Amino acid sequence: MTFTYEIEGGNFSRAGSASSDIKKALKQLDLDYNIIKRVVVSIYEAEVNIVAHARRGTLTADIDADGIVVVLDDEGPGIPDIEAAMTTGFSTASPRVREMGFGAGMGLPNIKKNADSLHIQSTVGVGTRLEIAVNFK
Amino acid sequence: MNNPDISTDKKMSDFHHALKIVDDLCIGCSKCMNICPTHAIRVRNGKARLMDNRCIDCGECYRICPVSAIIIEQDDFSRIFNFKHRVALVPAVFFAQFAAKHSVEQITQTLLELGFTHVFEIENGARLIRQETRNLLAENRELKPLISTFCPAIVRLVQVKFPALVHHLMLLKPPLDAAAIWFRHHLEQHGARRDETGIFYVTQCAAKIAAIKSPAEGEASPISGVINMDEIYNKVSAKLKDGEEGLAQTTGTQVTMLGAEDVLWSLTTGESSQITGKRLAIDGVHNVTNFLEKLEQEEHPAFDFLELRACDESCAGGVLTTENRFLTAERMRSRARRCAAILPEKGSASLMHFDDEIRPLLTIAEIKPRSMMKLDEDMGEALRKMKMIRQIMQMLPMVDCGACGSPGCHALAEDIVQGRGMMENCIFIQRRYEQKGMLKPEVSAEIVKKIWGANKIDNENK
């Protein structure tokens, strides 16, 4: 089953709505709560990344009996150094974003920690594509 | 076309409920259905129907029912006379139901005149619970936040709607249990036999009754019976009115001196203000639900302690209270200020001599998740149902009018896939099918009658 969401850059008041919706869907399946939590935390972080850094993006989640695969595509600045971005505490977030409690440099490391797999493709000045997978078994 | 009955959904009905719907009184207005925070109510045949596995006994339905068709079970008052020692276990909220001119002592005296042999205030148990809460928080390093289990409706809300958060619930009983156990010890030490002692809890809370009467929550309760606060309020008010001229000043009662923080325990911030660390207090079941949705997503910085209460203004707004909740809370705060003036050092020290015996009895063994959200135990089946719900949602009008007898379009979609409802329950779908010639208006009318009862359609002048 496929879920698709549009994510608006800069709209922090709506950040988390896609992950919240997916969470509601997962709660309807007989899944271990830890798995739901890992999915929701990783999607939430990715969603916030788009809101904080990109102009716009889409989130597509595919759920089947084996697991969930989430693809996030954004039109944004891209990540010049993916390795650095994967380091805990590394952040390029603006002071304004940090003031709102985001941009602590926990995003990508937290996704990596919670997901079973994470693939990042990024082109500077064009955008970023994240593929996050969590297995249900 | 037959609407399946919602009672088919019984597989997890091991919750005991204090709230009951009286069919003869119910007018099928659907106010309760629309306000229920867990979507536990449907309307069928013109009557509200409760889904046992979803109800958390918060009492929102009881509050809103315009014809008092929802009742809260209690023990018959005369049951107290089965016991030689008859203890009224009374919360501070009760004393605050009365105007300030009626003192705690006077109300206590009136309770004794009603037939109780002892009156003991529940907040006497707060000191020990406060200590235990602090201990648990000090020991807790990994699992943040701890969620207070003081409010039994919140415990159930977490169980059915936020199963992933169940392990955050603090496994500690409330002051009620500490006070009841303490008083049993106290009487036994003075020679009372266990079977001669009846401890009756005068309650403002439906969920507390359910928790006490529920065998699922573990060992036998130290409480012998429950009496609804509104009933005792009426009895005490009548007596206070009678004795207005010559107030009898008798002693021999069990009034203990509470500290200010004991008196305030059941009000919002009553617990959270007593601990250090990052804490938050939220009251109102819909407010709590919104917060827990966020917490589940880890959108909040880590709190050490969450005090969550189902009623607006916490226990001052309990469903069985009579007085305005803000007045009640203000009277309690005013009493607390007087207590603080008399007893400036922290809390009452008078009840410490059983602490070591009571402490081990205050632990809750386990709280299990009881998710109401699972569509099916089988993963493939659950996915299939989820898909169906989405397809049905595409067809429904998204008006959330409730005319289908379910609380909104999503609830109807879920009811359809779970065999509790059908597409034609929706009045918009009925019109659509009628236009296409797939449904006769007479059949539509029959369907509506099966949901709302025949009289709403047949009787032109009700």
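Respectively, the protein sequence lines represent chains A and B.
Residues in the first sequence are numbered from 1 upward in steps of one, following the numbering used here.
Residues in the second sequence are numbered from 1001 upward in steps of one, following the numbering used here.
Backbone N, C-alpha and C fix where the C-beta goes; we use that ideal spot for every residue, glycine too.
Remember, it's a predicted structure, so these values are computed and weren't measured experimentally.
Residue span of the alpha helix (DSSP H) that contains F1428 (chain B), given as start and end: 1427-1435
Cross-chain neighbours of E1293 (chain B) in chain A, by beta carbon under 7 angstroms: Close to E1293 (chain B), with beta-carbon spacing below 7 angstroms, are these residues of chain A in chain order: S20.
Boundaries (first-last residue) of the alpha helix (DSSP H) holding Q1131 (chain B): Start and end: 1126-1139.
Member of A:K27, A:D32, A:E45, A:I68 whose CA lies at the smallest distance from the CA of G16 (chain A): A:E45
Where G1419 (chain B) falls, given that 16 or more other Cβ within 10 Å makes a residue buried: exposed
Any chain B beta carbon closer than 9 angstroms to Y5 (chain A): no
Straight-line Cα distance separating K112 (chain A) from R98 (chain A): 21 angstroms
Contacts that D62 (chain A) makes with chain B (C-beta to C-beta distance below 8 angstroms): Within chain B, no residue comes near D62 (chain A); the closest Cβ sits about 12 angstroms away, beyond 8 angstroms.
Best match in B:T1038, B:C1026, B:G1046 for proximity to C1404 (chain B) [C-alpha to C-alpha]: B:G1046
Whole-angstrom distance between F136 (chain A) and P1397 (chain B), CA atom to CA atom: So the alpha carbons of these two residues sit roughly 34 angstroms apart.
Collapsed DSSP secondary structure at R1406 (chain B) in the structure displayed: The amino acid occupying residue 1406 (chain B) in the given sequence is Ser; Arg does not appear at that position. Residue state, collapsed to three classes: coil.
Cα-Cα separation between L59 (chain A) and I120 (chain A), rounded to whole angstroms: 14 angstroms
Proximity test, V1119 (chain B) beta-carbon vs the ligand ADP heavy atom, cut-off 8 angstroms: By its list of ligands, the structure shown contains no ligand whatsoever, and the ligand ADP lies outside what it can speak to.
Simplified DSSP assignment, three categories, for A133 (chain A): In the three-state reduction of the DSSP assignment, A133 (chain A) falls in the strand class.
8 angstroms Cβ shell around P109 (chain A) - same chain, five flanking residues per side excluded: Around P109 (chain A): M86, T87, T88.
Length-filtered (4 minimum) alpha helix (DSSP H) runs lying within the region 1023-1073 of chain B: 1031-1035, 1060-1064, all fully within the region 1023-1073 of chain B.
Contact with chain A by R1390 (chain B), beta-carbon distance below 9 angstroms: yes
Extent of the continuous alpha helix (DSSP H) to which S122 (chain A) belongs: Element bounds for S122 (chain A): not the alpha helix (DSSP H) but the beta strand (DSSP E), 117-123.
Buried/exposed call for N11 (chain A), threshold 16 Cβ in 10 Å: exposed
Residues, ordered as in the chain, of the region 22-47 of chain A that lie near chain B by beta-carbon distance below 7 angstroms: K23, A25, K27, Q28, L29, D30, Y33, I36, K37, V40, V41, Y44
Range covered by the beta strand (DSSP E) that runs through G1225 (chain B): 1225-1228
Closer than 7 angstroms at the beta carbon, the chain B residues around A65 (chain A): M1379, G1380, L1383
Distance between F1428 (chain B) and Y1414 (chain B) (C-alpha atoms, nearest Å): Checking the sequence, you will find Glu at residue 1414 (chain B) rather than Tyr. Roughly 17 angstroms between the two C-alpha positions.
Same chain, Cβ closer than 6 angstroms to Y1433 (chain B), neighbours up to 5 away in sequence not counted: L1439
Closer than 9 angstroms to chain B by CB, M1 (chain A): Using beta-carbon distances, M1 (chain A) counts as an interface residue toward chain B, with a partner under 9 angstroms.
Contact residues within the region 1155-1172 of chain B, judged by C-beta distance below 7 angstroms to chain A: P1163, A1164
Chain A contact for L1306 (chain B) (CB, 9 angstroms cutoff): no
Inter-residue Cα distance where the pair is M1257 (chain B) and R1333 (chain B): 15 angstroms
Per-residue DSSP class, three states only, for K951 (chain B): Nothing in the structure corresponds to residue 951 (chain B), since chain B is present only between 1001 and 1462.
Residues near R1390 (chain B) in its chain [Cβ-Cβ closer than 6 angstroms; skip 5 each side]: none
8 angstroms contact criterion, which C1058 (chain B) and I1041 (chain B) should meet: CB distance rounded: That pair is no contact at about 12 angstroms.
C-alpha distance - T1253 (chain B) paired with V1119 (chain B), whole-angstrom precision: Model confidence at T1253 (chain B) stands at a pLDDT of 47, short of 50, so the residue's coordinates are unreliable; what they give is reported in the following sentence. Between T1253 (chain B) and V1119 (chain B), the C-alpha separation is close to 7 angstroms.
Contact set between M1386 (chain B) and chain A, taken where Cβ atoms lie within less than 9 angstroms: M1, A25, Q28, L29, I63
Closer than 8 angstroms at the beta carbon, the chain A residues around K1374 (chain B): Per Cβ cutoff of 8 angstroms: K27, Q28, L29, D30.
DSSP-derived helix/strand/coil call for A1178 (chain B): helix
Min CB distance S1464 (chain B) to chain A below 9 angstroms: There is simply no residue 1464 (chain B) to check, as chain B begins at 1001 and stops at 1462 in what is shown.
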